[in-house]
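For the sequence shown, this note's numbering begins at -5 and goes up steadily by one. All residues carry an ideal CB built from backbone N, CA and C; glycine is no exception. Below is one structure, written out as structure tokens; the observations come after it.
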Amino acid sequence: MFRGRHDILSKMRRFFTTKKGKQHIYVLYGLGGAGKTQIAYKFINDSSSFFSDIFLIDASSSDKIYAGLKKIALMKKIGDSPEQALEWLTSKHEEWLLFFDNADNPDINLTQFLPQCDHGNMIITTQNHGLRSYGSNSAVSDLAKADAVALLLKSAQQKNSPRNQQIATEIVKALGYHALAIVQAGAFTLKSTVFDSYLDLYSKNWAELLSKKPAQSPENHSWAVYTTWKMSFDRLQPPAAMFLQLCSFIHNKGISEQIFRDASMYNFAASGPSKEELQMPLKFLSCFLGPSGEWESLRFVDITNDIRAYSLIDFDDNKKMFTIHPMVHAWSRTMIKNPVLYQAAAESILGMAISGIQKGNVLACLRLLPHVESFQLVATEGIANFGAQYGRIFFETGNYEKAEKLQFTVLEQRKLLGDGHPDTLAAMEDLALTYSMLQKFRKAEELEVAVLEKRKQLLGDTHPDTLCALSALASTYFNLQDFKKAEELEVVVLEKRNQFLGTNHIDTLYSMGRLAGTYSCLQELKKARDMGVAVWEKRTQLFDDNHPDTLVVMANLGQTLSVLQEFKKAAEFQIDVLRKREQLLGENHPDTLRAMGNLASTYRQSAELNKAEELEVVVLERRKKFLGENHPDTLVTMGNLASTYSKLGAFKKAEGLAIVVLEKRQQLNGDNHPYTLLAVKNLASYRKLGKVKEAENLKKLMEQKAN
């Protein structure tokens, strides 16, 4: 029944066959049911001729270890005590092998049961990663896919046909490539003849199926998968058990100490959840705090080490991140008596952690995105208290449609506080900004006008929040291509910020950058360039080069320089922006793709057409994948690539893309929209140029024939 593990077996053979006469201890550690014992048995069976004696000891408890050692003494007729067995092994200078199986209990000091000598061989199987220090070791984790499929087909006694291979591949994937789970599945399907339909049965009854012991298994497994984990779970201290269960509601990967530390420093707001509402998460987080309420990493390490001792959780020393096996992750939820309460606590802890992240820290948001996506974002207590924080994670990472849906729900809840309440206005601003990113500019304008009126009424014309509202509305007018309105508002904002905040304040510099971009669109290029350079120089002096607003200024300046036909300087700025956005946001973030599109545009205008084509093809593929074929940004990219193809003389390609753009513009914007009319004009141009090209080619052909 054994399959795979060739790398571990090879390592063990090399280890035990070198330096004869020296002591060798090898530790196999990993999650219960991963196949540690089976690897040890396979090695012993294959290498039995190398050892003078082989002794198997059940190391699951001290009593069983004593009994195993006593059995050795009786078998060798040297007495009837464990001490006599150890003395005999110590004095026996031969290649004996002592196999301690299931040494999982961290409370047992295994050292007292090991022969104190410099010869002999020992294998230890354990869930306790701490026993790695005893000797050479291998982590036993999931099976390779091919080995997992082979194990399932053999244990289920199924033919190795293409169809069975496909079914088995889907089953082992669902089982997380876990060895014992696969053996159980094979035994169950063999007994009940439901191989074809097992996956459907498993999806509905997974907890029950994984609790069944394989009947008469040739591997002689003592317990079912869940039984092995339950035995380990029952030994955990309450804080460790709660940690594992809370983590079952967030993603099984990327779990960090930082999440819990940030949550412990949550600042309570007057309109936010009360301490009473957050009683359960606060009580849990207090397990990691010192007498003065400060975070103590040592406490966190102690509690998580309790879980690691049974391999119920793994830790990556390089990334400083915890990972839980997918099946353990799902199973640990089944151990919770009140899952609704625990889910709310997990959601609250994550929301509390998000609250401490500074605006623009996209990397931190990207790390938390999988956890937020793990939540069932419905009307839970966590959504009521921290929906705005979850929405922010979606927004900062470019998941605007998810952000819109969540922010709309938050706004409806906030309206109960009153139209002029600060939280209501903040929710309106968040949703308006998301509308803008989705190019729903009229919806954004409607919200922003309402916010501006309330801000003026409650705070006055010169209050910072009022100026922020004015700036946001100006940005929307800019997006609506009403550049004169945008300029009027931006001039007012800049004057007041210069007056009240000073010329070097970050908000003042932001306003300068916005106004420079507007001047560029109004074709006031000298103003745009001079102001853009001034903003960029001040930002690089005062702030980090990687600040999102600095990158916006650089991007705008690059576009202005491109319009001024200073293509080399423009490309330098745009390449820098693209490189930094790829580093900070990732290759697929909307802002990264926008930077790539801007650089491609500069290449196209400077006649570096192959470079432009290469970038635009990438942008189009990614926008289709992440935004959809009908998204405005996708259509803009498609139109740009068509233009590049036209300049390259690839008129058929240009025409093909132009037809798609026109059809989608008619569908989305109507026949008389400016974008639709531009698409008509472009298509006609490419067709005309294509026919001219065809005529020229035909003329050349005729001339060649005539000659």
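In terms of Cβ geometry, residue 275 and residue 339 form a close pair [threshold 8 Å]. In this structure, the beta-carbon distance from residue 593 to residue 585 does not fall below 8 Å.
Listed as beta-bridge partners of residue 51 by DSSP are 94. DSSP lists 20 as the beta-bridge partner residues of residue 130. Runs of the beta strand (DSSP E) spanning 3 or more residues and lying entirely within the segment 283 to 352 occur at 308 to 310, 315 to 317, in chain order. The beta carbon of residue 575 sits closer than 8 Å to the beta carbons of 545, 583, 585, 586, 589 from its chain, once the five residues preceding and following it are set aside; these are given in chain order. With a cutoff of 8 Å on beta-carbon distance, residue 557 and residue 519 are scored as near each other. Look at the beta carbons and you see the segment 324 to 333 not touching the segment 259 to 267: under three pairs across the two are nearer than 8 Å.
Annotation: the continuous beta strand (DSSP E) that includes residue 116 extends over 115 to 120.
Leaving aside the five residues that flank residue 492 on each side, the residues in its chain whose CB is nearer than 8 Å to its CB run, in chain order, 502.
Taking the Cα positions, residue 559 is about 19 Å away from residue 530.
Under the 8 Å Cβ criterion, the segment 55 to 69 does not count as touching the segment 35 to 42, having fewer than three qualifying pairs.
For residue 249, the beta-bridge partners assigned by DSSP are 316. Unbroken alpha helix (DSSP H) stretches of 4 residues or longer found wholly inside the segment 544 to 617: 561 to 579, 584 to 599, given in chain order. The C-beta of residue 273 has fewer than 16 other C-beta atoms within 10 Å across all chains shown, which makes the residue exposed. By the neighbour-count definition (other C-beta atoms within 10 Å, threshold 16), residue 242 is a buried residue. The segment 432 to 493 is shown to contain whole alpha helix (DSSP H) runs of 4 or more residues at 435 to 453, 458 to 473, in chain order. For residue 188, no alpha helix (DSSP H) run applies, since DSSP gives it neither H nor E.
Contact check between the segment 15 to 34 and the segment 109 to 123: three or more CB pairs, one atom from each, fall below 8 Å, which counts as touching.
In this structure, DSSP gives residue 391 a state outside helix and strand, which the three-state scheme calls coil. Beta-carbon to beta-carbon, residue 104 and residue 125 are separated by about 7 Å, close enough to satisfy the 8 Å threshold. Shortest Cα-Cα distance from residue 389 to any of 428, 656, 421 involves 428.
Between the C-alpha atoms of residue 671 and residue 509 there is a straight-line separation of about 29 Å. For residue 478, the CB contacts under 8 Å within the same chain, skipping 5 residues up- and downstream, are 516 in chain order.
Cβ-Cβ distances below 6 Å link residue 391 to 359, 360, 363 in the same chain, with the five nearest sequence neighbours on each side left out; the list follows chain order. Residue burial is scored here from C-beta neighbours: residue 164 has fewer than 16 other C-beta atoms within 10 angstroms and is therefore classed as exposed.
Closest by C-alpha distance to residue 106, out of 77, 137, 368, is 77.
Ranking 666, 675, 355, 290 by CA distance to the CA of residue 255 puts 290 first. Going by beta carbons, residue 636 and residue 651 fall inside the 8 Å limit. By a beta-carbon distance limit of 8 Å, residue 131 contacts residue 20. Their separation comes to about 7 Å.
For residue 361, the enclosing alpha helix (DSSP H) stretches over residues 356 to 368. Looking only at 114, 97, 100, 513, the smallest Cα-Cα distance to residue 14 is reached by 114.
The DSSP-derived three-state label of residue 281 is helix. Taking the CA atoms as reference points, residue 101 sits about 13 Å from residue 301. Between the segment 616 to 623 and the segment 404 to 424 there are fewer than three C-beta pairs closer than 8 Å, too few to call the two in contact. Check the Cα spacing between residue 500 and each of 536, 484, 467: the tightest is with 536.
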